[in-house]
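Counted the way my numbering counts, the sequence shown spans residues 867 to 1203.
We put the beta carbon where it would ideally sit given N, CA and C, even for glycine.
Reviewing the structure listed below.
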Amino acid sequence: MGVKSTKAKILCVEDETDLRENISVILKDEGYDIIEAENGKEAYEKFAIYKPNLVLCDINMPIMNGYELLQKIHHENSSDLSTTPFIFLTALGQKHNYLKGLKLGADEYIVKPIDFDILLSTIKAKLEKAIEQKSAANDKLIQLCGQISNLIPKEIQEPLQNIITLSVTLKREANNLELDKRHIDYISKIYLSSLKLNAQIIKAFDKGKIIHMVNNLDTYVPVNKLVSQIRSGTKDQEITFNIQEELPQLAIKSDCFVPAIINYLKQHEVAKSKNLKIDIFQDYLNNLIFAISGNTLLPIFSEELEHTVNDFNGEFHIQDNDGITYHIITFPNFLLK
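Quick look at the structure:
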């Protein structure tokens, strides 16, 4: 039935078992990885886990129909996943049903009974188009990142360098100006903060870093959604969560960050940590803070978590205070919305 296709994941959603299994067998023979679901609810759960390259979906199904599934995918996922090609399988040929699907973002309709030659050629065409669009978008991203890294830092760093220079001058002339200790402390803090900000700007606007970060984002993920996933992965542990209300969304790849932080928290379980607590809040600069604290006799460190946080322009450091170890994760405010 054609040349073997490159490996791609297809989510096949169909409540008729015989038809779903028949479709799956044929697509597997063509070299595709197939994930099966018998209704929209099950399909959405599997979509979030497997992140398929294409969805093949019946319309009339129990629990959640095809239109509802498509709408939920577009509403609750990142731009990258929400543009996954979506093909409806339907026995309904009426024009209004066709238009409804197109308005929701469907890419194509295949009418039952299915002509499998048409189905295979349609899948192949949609996957090739998705690859071309992703490649074109990546080319534009590289061009944009080059412009950002070359132009914006200059506009920001020039006034920032003036602040650094002026604060150094004030420090040197503090005695001549007869400034008291409080004002000298203010100048020192301005100087140190401007140096830190300068370092963050250089890091944030590095072209390679921007491209890496954008290519590995779920766009923006609600922090409460991350917390829910962390809670679920650590439900057997005694952990107190203190979460600030109305937290923003964070630009991060959740399937990298969440497993890393869960694995790190599991180390506390092995180390028999007591009074394990996670505080999540925004500081006075609107940076997002994950402060993980606990009493432990064994040193706990996660290279996996540190690298994951650093990959997304965050910082990871450790503090000890009165027998309590704090692991602080900081995500700068430019990653939030």
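Q | Closest by C-alpha distance to Thr-956, when choosing among His-941, Glu-942 and Tyr-975 | A | In the sequence shown, counting from the first residue as 1, residue 956 sits at position 90. Taking only the C-alpha atoms, the option nearest Thr-956 is Tyr-975.
(Q) Report the CB separation of Ile-1155 from Ile-1184 in whole angstroms; it is logged as a contact under 8 Å. (A) The sequence position of residue 1155 within the sequence shown is 289, counting from 1. The sequence position of residue 1184 within the sequence shown is 318, counting from 1. Ile-1155 to Ile-1184, Cβ: 14 Å. No contact.
Q: Please report how far the alpha carbon of Met-927 lies from the alpha carbon of Leu-1026, in whole angstroms.
A: Stepping through the sequence shown from its first residue, residue 927 is reached at position 61. Stepping through the sequence shown from its first residue, residue 1026 is reached at position 160. C-alpha separation (whole angstroms): 59 Å.
Q. Does DSSP put Thr-1100 in a helix, a strand or coil?
A. Counting from 1 along the sequence shown, the entry for residue 1100 is found at position 234. Thr-1100: coil per DSSP, three-state reduction.
Q. Is the segment 1166–1177 touching the segment 1123–1132 in the sense that three or more CB pairs, one from each, lie closer than 8 Å?
A. yes
**Q.** Span separating the alpha-carbon of Lys-1062 from that of Ile-1144
**A.** Residue mapping note: residue 1062 aligns to position 196 of the sequence shown, counting from 1. Residue mapping note: residue 1144 aligns to position 278 of the sequence shown, counting from 1. Each residue's alpha carbon lies about 26 Å from the other.
Q. Sorted by chain position, which residues of the same chain lie with C-beta nearer than 8 Å to Ser-890's C-beta, five sequence neighbours on each side aside?
A. One-based indexing of the sequence shown puts residue 890 at position 24. Hits under 8 Å: Cys-878, Ile-900 and Glu-902.
**Q.** Range of the contiguous beta strand (DSSP E) that encloses Thr-1235
**A.** Outside the modelled stretch of the chain, which goes from 867 to 1203, sits residue 1235, for which no answer is possible.
**Q.** Beta-bridge partners of Cys-923, as assigned by DSSP
**A.** Residue numbering aside, residue 923 sits at position 57 when the sequence shown is read from its first letter. DSSP lists Val-879 and Phe-954 as partners of Cys-923.
Q. From what residue to what residue does the alpha helix (DSSP H) around Phe-913 run?
A. By 1-based counting over the sequence shown, the position of residue 913 is 47. First-last of the alpha helix (DSSP H) with Phe-913: 906–916.
Q.
Just to check my reading of the structure: Pro-1206 and Ile-876 have Cβ atoms closer than 8 Å, yes? What is that Cβ distance to the nearest angstrom?
A. With the chain covering only 867 through 1203, there is no way to say anything about residue 1206.
Q. So, are the CB atoms of Leu-1202 and Pro-1114 less than 7 Å apart?
A. In the sequence shown, counting from the first residue as 1, residue 1202 sits at position 336. In the sequence shown, counting from the first residue as 1, residue 1114 sits at position 248. The answer is yes: Cβ separation under 7 Å.
Q. How close, in whole Å, do the beta carbons of Leu-993 and Ala-874 come, if the pair is a contact with beta carbons under 8 Å?
A. The sequence position of residue 993 within the sequence shown is 127, counting from 1. The sequence position of residue 874 within the sequence shown is 8, counting from 1. Right, the Cβ-Cβ distance comes to about 6 Å (below 8 Å), so this counts as a contact.
Q. Ser-1120 and Val-1093 look like a contact to me (Cβ under 8 Å); what is the Cβ gap, rounded to whole Å?
A. By 1-based counting over the sequence shown, the position of residue 1120 is 254. By 1-based counting over the sequence shown, the position of residue 1093 is 227. Rounded, the Cβ-Cβ distance is 11 Å, inconsistent with contact.
Q. Between Thr-1191 and Glu-1181, is the Cβ-Cβ spacing less than 7 Å?
A. Numbered from 1 along the sequence shown, position 325 holds the residue referred to as residue 1191. Numbered from 1 along the sequence shown, position 315 holds the residue referred to as residue 1181. No.
**Q.** Option nearest Ser-1054 by Cα separation, candidates Val-1124, Val-1175 and Ser-1033
**A.** If you number the sequence shown from 1, residue 1054 lands on position 188. Among Val-1124, Val-1175 and Ser-1033, the Cα nearest to that of Ser-1054 is on Ser-1033.
Q. From which residue to which residue does the beta strand (DSSP E) around Tyr-933 run?
A. Counting from 1 along the sequence shown, the entry for residue 933 is found at position 67. Tyr-933 -> not in any beta strand (DSSP E); alpha helix (DSSP H) instead, spanning 932–942.
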